[in-house]
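See structure below.
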Amino acid sequence: MTLADNGSRTRIVQSRHWGQWVSGSIIVALVVAFVSAIATNESIRWEVIAQNLTYPTILSGLWTTIWLTIVSMVVGVIGGILVAVMRMSNNVVLYAVAGAYTWFFRGTPLLVQLLLWYNLALFFPRLGFGAASIDTNVLITPAVAALLALALNEAAYMAEIVRGGILAVQNGQREAGAALGMPNTAIMVRIVLPQAMKVIVPPSGNELITLLKMTSLVAVIGAGDLLTNAQYIGTRDFTPMEMLLVATVWYLLLTTVATCGQYLLEQRLLRGTHLQPKRSLTRQVMRNFTPDRVRS
Amino acid sequence: MTESPQPARLMVDARNIYKSYGSVEVLKDVSLQVKPGEVTCVLGPSGGGKSTLLRCLNHLEKPDDGTITIDGELIGYRRNNDVLHELGNRAISRQREDIGMVFQSFNLFPHMTALQNITEAPGRIRREPKVQREAHAQSLLAQVGLGDKGGRYPSQLSGGQQQRVAIARALAMRPKVMLFDEPTSALDPELVGEVLDVMRRLAASGVTMVVVTHEIGFAREVADNVVFMDHGVVVETGAPERVFDAPEHQRTTEFLSRVLK
Chain A
0 MTLADNGSRT RIVQSRHWGQ WVSGSIIVAL VVAFVSAIAT NESIRWEVIA
50 QNLTYPTILS GLWTTIWLTI VSMVVGVIGG ILVAVMRMSN NVVLYAVAGA
100 YTWFFRGTPL LVQLLLWYNL ALFFPRLGFG AASIDTNVLI TPAVAALLAL
150 ALNEAAYMAE IVRGGILAVQ NGQREAGAAL GMPNTAIMVR IVLPQAMKVI
200 VPPSGNELIT LLKMTSLVAV IGAGDLLTNA QYIGTRDFTP MEMLLVATVW
250 YLLLTTVATC GQYLLEQRLL RGTHLQPKRS LTRQVMRNFT PDRVRS
Chain B
0 MTESPQPARL MVDARNIYKS YGSVEVLKDV SLQVKPGEVT CVLGPSGGGK
50 STLLRCLNHL EKPDDGTITI DGELIGYRRN NDVLHELGNR AISRQREDIG
100 MVFQSFNLFP HMTALQNITE APGRIRREPK VQREAHAQSL LAQVGLGDKG
150 GRYPSQLSGG QQQRVAIARA LAMRPKVMLF DEPTSALDPE LVGEVLDVMR
200 RLAASGVTMV VVTHEIGFAR EVADNVVFMD HGVVVETGAP ERVFDAPEHQ
250 RTTEFLSRVL K
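As they're listed, the protein sequences go chains A and B.
Be aware that the first sequence starts at 0, since it is given in numbering that gives the first Met the number 0, and climbs by one per residue.
Be aware that the second sequence starts at 0, since it is given in numbering that gives the first Met the number 0, and climbs by one per residue.
Right, here's the structure in full:
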């Protein structure tokens, strides 16, 4: 409503967007059709899925997936910070080593790295020096190989994220720290990294969720994660599809929890800055489904 | 061979400084002397090399040639007969503890409160006990007129307040000399006065200061010595009355007439 020149109000009619209504209805109809096709599908035994959701083997596989994700992420973040700092140092050796590390671990598929670690015994039958060595196969179990592959791979990607965050901190901050007499390490730890977190945390949340799903790759070396165990039961009981759906349910649950956790973490870390998300989680999700013209 | 520390007649002694960025020569044979307790203001058009000279004093910029001595100590280098060996980061940091700097864009640490900004360096570098450094910080805040704002974050302070916290932060390390790089240039006009007041009181208390500024009034009032720089050279230097009222060089006159209009 606006005031026209002669003082009377002009009536404004908002456009109806018929196209959106039509295409939206078609899509909704398709989704309903698809979901009901699955729900009434006679080839899927829903009771099998329900029974096996909390089967001990499944739960132990779930636990493996969870700890693999957490440990790989922690090692990945620490390793990422180290590699990023090395990459930004004036020391040529550190710079080159960090560059080579990132190049290799980002340049090869995680699956290939996994298989290389698992088969390490083929390159190095024994690890160590002389008498103080150990049979590689004893040390590198599927779980250890899984952890090595996931953690080292994650560190390479985190290094780039951390580097981006560090570069985002204004140079004046470093200069102020230097002018006060702070040595480079103190400046990095006390001034730069805390500020870099704002830029590092959001993409790191994505990394965590991606890592969670990538753990499923360790099924190819039988590392006892959720997918490994689900497939094992599926083969044993001749219920492959149902067990895959069991795994799907659990993966969805985990990633949803991780997404909420990321949101809460961002809220806490970005407290008091203009980047802080101001809405509750449900409102944030609803906002994603609301067309722009309706948003306030 | 080490030189035994002698009582310095000069607090700041910069000699024959040259500095280039690529093919652009920013400082050409620049020298600056400041006695203890003196206030020196460096003036001149933008790009004249004033800030670069200031930043050379605490080795934020490395001179291509020349030496800088603060209170008798050679900055940034270790002298071995005729050879200057560059100092490592730790050694340079220790030298910078005695030199305070205030920046045009304040550069307060946004993730810390005003009080924490001030206590950070004394705590982390000198390991001053918490009670002491907080008391000292609080008293510095009071001196700059912000005694009740210690718990505020920089984003909650005005520009003038932030700059005053920045001054307190630099003073917390009890430096021998304070460097100011256009401290009021980024401030709204009405906030300039409160910062200049603090600087005036600082000067009156006997702190050695080198101030790069455009505030002619401040320089006239507070400076013991005024240095006019243009295109990388010191055009003239002397007492404010002399330089402002009876400049010897054409370029000085031109600059002053433009600025004082």
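Here a beta-carbon is modelled for each residue, glycine too, at the ideal position from N, C-alpha and C.
| query | result |
| --- | --- |
| Where the segment 136–165 of chain A meets chain B: residues whose CB sits under 8 Å from a CB there | none |
| Anticipated Cβ contact below 8 Å, A222(A) with P141(A), distance rounded | 4 Å |
| P62(B): contacting residues in chain A (beta-carbon distance under 8 Å) | Residues of chain A passing the Cβ test: none, with the nearest at roughly 16 Å. |
| Short CB-CB distance (under 8 Å) between P109(B) and chain A | yes |
| Chain-ordered residues of the segment 174–196 of chain A with a beta carbon less than 7 Å from chain B | E174, A175, A177, A178, L179, G180, M181, P182, N183, A185, R189, I190, P193 and Q194 |
| Proximal residues to L190(B) (C-beta, below 7 Å), its chain only, five neighbours per side dropped | S157, G158 and G159 |
| Cβ of E119(B) within 8 Å of any chain A Cβ | yes |
| is_contact[S184(B), chain A] using C-beta, thresh 8 Å | no |
| Chain B contacts made by the segment 222–252 of chain A, where a contact means CB separation under 9 Å | none |
| Cut-off 6 Å between Cβ atoms - residues of its own chain near S42(A), not counting five sequence neighbours on either side | none |
| Rounded distance between the beta-carbons of E133(B) and L145(B), thought under 8 Å | Not confirmed; about 15 Å, so no contact. |
| Where N106(B) falls, given that 16 or more other Cβ within 10 Å makes a residue buried | buried |
| Proximity winner among I48(A), N51(A), T9(A) and G60(A), relative to D224(A) (alpha-carbon distances) | G60(A) |
| Same chain only: Cβ atoms within 6 Å of Q261(A), ignoring 5 sequence neighbours per side | G204 |
| Cβ pair T251(B), E235(B) closer than 8 Å | yes |
| Coil, strand or helix - R151(B) by DSSP | coil |
| Whole runs of the alpha helix (DSSP H) within the segment 57–131 of chain A, excluding any shorter than 4 residues | 91–106, 109–117 and 119–122 |
| Neighbour list for S104(B) in chain A, Cβ cutoff strictly below 7 Å | G171 |
| Buried or exposed (CB count within 10 angstroms, at least 16 for buried), K49(B) | buried |
| Three-pair Cβ contact test at 8 Å for the segment 203–219 of chain A versus the segment 103–111 of chain A | yes |
| Minimum Cβ-Cβ distance from M177(B) to chain A less than 8 Å | no |
| Rounded straight-line distance, which links the Cα of L73(B) to that of M0(B) | Residue confidence for M0(B) is low, a pLDDT of 46 falling below 50, so the modelled location carries little weight and cannot support an answer. |
| Identity of the residue in V82(A), L243(A), L207(A) and N170(A) nearest S162(A) by Cα | First, the residue type needs correcting, since residue 162(A) is Arg and not Ser in the sequence shown. Looking at the Cα atoms, V82(A) is the closest of the given residues. |
| DSSP-derived helix/strand/coil call for A180(B) | For the sequence presented, residue 180(B) should be read as Asp rather than Ala. Strand. |
| Straight-line Cα distance separating V209(B) from C40(B) | 6 Å |
| Beta-carbon gap between V225(B) and G237(B) smaller than 8 Å | yes |
| Cβ shell of H248(B) (< 7 Å), same chain only, five flanking positions each side left out | V234 and E235 |
| Proximity to R200(B) [Cα-Cα], best of P128(B), V38(B), L26(B) and I91(B) | V38(B) |
| G237(B) (DSSP reduced to helix, strand or coil) | strand |
| CB contact below 8 Å: T107(A) versus chain B | no |
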